[in-house]
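Note that the first sequence covers residues 1 to 339 in my numbering. Just so you know, even glycine gets a beta-carbon here, dropped at the ideal spot from N, CA and C. Below: one structure, written as structure tokens.
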Amino acid sequence: MATGLSGALLRWYDAERRELPWRRTTEPYPVLVSETMLQQTTVAVVVPYFERWMTRFPTVESLALSDEETVLAQWQGLGYYRRARSLLACARLVVESGWPLTFAGWLELPGVGKYTAGAVCSICLGERVPAIDGNVERVFARVAADPSSSLKSAATTWARGLVDCNRPGDVNQALMDLGATVCRPKNPDCGACPVSRFCSAFAGGMQNSLPTPKPTKTVVQLTHEYVVPFCKGQVGVRQFGPGEWWAGLYGFPARNGEKQVTDLLTFTHTVTHHKVTASAVLVRTTKMKPHLQWKSTCELERLPMPAPHRKILNSALNAIYESGSNATGTAKVPSSAKK
DNA sequence: AACTCGGGGAT
DNA sequence: ATCCCAGAGTT
């Protein structure tokens, strides 16, 4: 029987926990998929990706037998595409050698760091190891009223004591649920908090000034102009190379002085500390430039593209189908071209 | 320790 | 517009 803070936390968790699709099981495969998707990504965004992924790759064997492009296509739009490659590599290692049975074994898998190893081991194996994410760091900073700018080490020591019980996986997930729904970054709901009586920040009325905010990085402004080449019903794309953003994924080439263009759209997207103002134009050509890969709309659906380029593609397909609507008015925008 | 790597939702 | 999210890997 857990007592004190962890006991109050678990009682709250049993009553208030979020019902999430990956919480229906403690099998390592779905748990690893969810934990990988959740790295630096919000729960609401992950849920539909997780459901689709488990339908497309229901078992670790089915994932291991897939090719990288198919895997990346399932991941497209989630960002941090290294995670998808790591997950594929994990699947192949696991099919070869079996699931790791210890924290140290999990740490050796690609894309599995201390957080993910702790989460999977505690949830699937019942190992008493902490899982320190941004939520847990924030909860710790407030409970301990710790103003430090580097909380990882102290939060780990603190959480090690909390998970030393019969339900380490639930303690870890309870801390994250608490951080996500009650001990929020802004305006924490201390009135609804099950551990407020253990919280030093609450006692001192400092919950809104902890944790200490990190210095903001300066944002670099960039402008990217893209061209969507169109020829005989096919679209020209290129694969991003090593060292480029979105290496290995597909998208559109930079505009290079093309005339006779159709304006498509202008929008901004943010890549870490870069703010890019992107614009794209459509160019209808009569020759398929050989340095590009020419794809039908059907093939484009299955191609892994980062979100901004998928957005450009959809805009281009809309423009093409509008101008190409025939006398019978039967031309339709493919469902994949909807926003 | 500092940096890269995506994208989106909440405020 | 800013913050920050169930972080990991590299330099």
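Apart from sequence neighbours up to five positions away, the residues of its chain that approach V136 with a beta-carbon distance below 7 Å are A155, A159, L175, M176, G179, ordered along the chain. The beta-bridge partner set that DSSP reports for G251 consists of R238. In this structure the stretch 67–86 does not touch the stretch 94–104; the number of beta carbon pairs closer than 8 Å is below three.
Below 8 Å, too few C-beta pairs join the stretch 49–56 and the stretch 102–111 to call them touching: fewer than three. Counting only residues of its own chain and dropping the five nearest sequence neighbours on each side, C190 has a CB closer than 7 Å to the CB of S196, F202, Q207. A contact is defined here as three or more CB-CB pairs under 8 Å, and the stretch 273–285 meets this definition with respect to the stretch 229–244.
Counting of Cβ neighbours within 10 angstroms places V112 among the buried residues, the total reaching 16 or more.
Here the alpha carbons of A89 and L249 stand approximately 17 Å from one another.
For the stretch 167–254, the full-length alpha helix (DSSP H) segments reaching 4 residues or more read 168–181, 200–203 along the chain. Within the same chain, Cβ atoms closer than 6 Å to the Cβ of R128 are found at V163, D164, P168, the five residues on either side in sequence being excluded. Here F57 carries a coil assignment [DSSP, helix/strand/coil].
DSSP places W106 in the helix class (H, G or I) of the three-state scheme. The continuous alpha helix (DSSP H) containing T36 extends over residues 28–37.
By the neighbour-count criterion, in which 16 or more other beta carbons inside 10 Å mark a residue as buried, V220 falls on the exposed side.
DSSP lists A278 as the beta-bridge partner residues of F267. No residue range can be given for W22, since it is assigned to no alpha helix (DSSP H) and is classified by DSSP as neither H nor E. Going by beta carbons, C183 and R138 fall inside the 9 Å limit. Between Y81 and L72, the beta carbon gap of about 6 Å places them in contact (Cβ cut-off 8 Å). Shown here, R128 sits in coil according to DSSP, grouped into three states, outside any helix or strand.
Residue pairing by DSSP puts Q293 in a beta bridge opposite V237.
For the pair T102 and L32, the CB atoms are not nearer than the 9 Å cut-off. Distance from the CA of G241 to the CA of A247, rounded to the nearest whole angstrom, comes to 5 Å. Closest by C-alpha distance to N318, out of P306, R302, T297, is T297. A residue is called buried once 16 or more other Cβ atoms fall within 10 Å of its Cβ, and F267, having fewer, is exposed.
Taking the CA atoms as reference points, P308 sits about 10 Å from F252.
Sequence-distant Cβ neighbours of T25 in its own chain, meaning closer than 8 Å and more than five residues away, are V31.
Annotated as proximal: E35 and V120, with beta-carbon spacing under 9 Å. Annotated three-state conformation of V283 is strand, per DSSP.
Contact annotation, V237 with L151: C-beta distance approximately 43 Å; criterion of less than 8 Å not satisfied. For T41, the secondary structure class from DSSP, reduced to helix, strand or coil, is coil. Per DSSP, K259 lies in no alpha helix (DSSP H) segment and is marked neither H nor E. D133: not part of any alpha helix (DSSP H); DSSP gives it neither H nor E. A distance below 7 Å between beta-carbons, with the five flanking residues on each side excluded, links D170 to the following residues of its chain, in chain order: L10, Y13.
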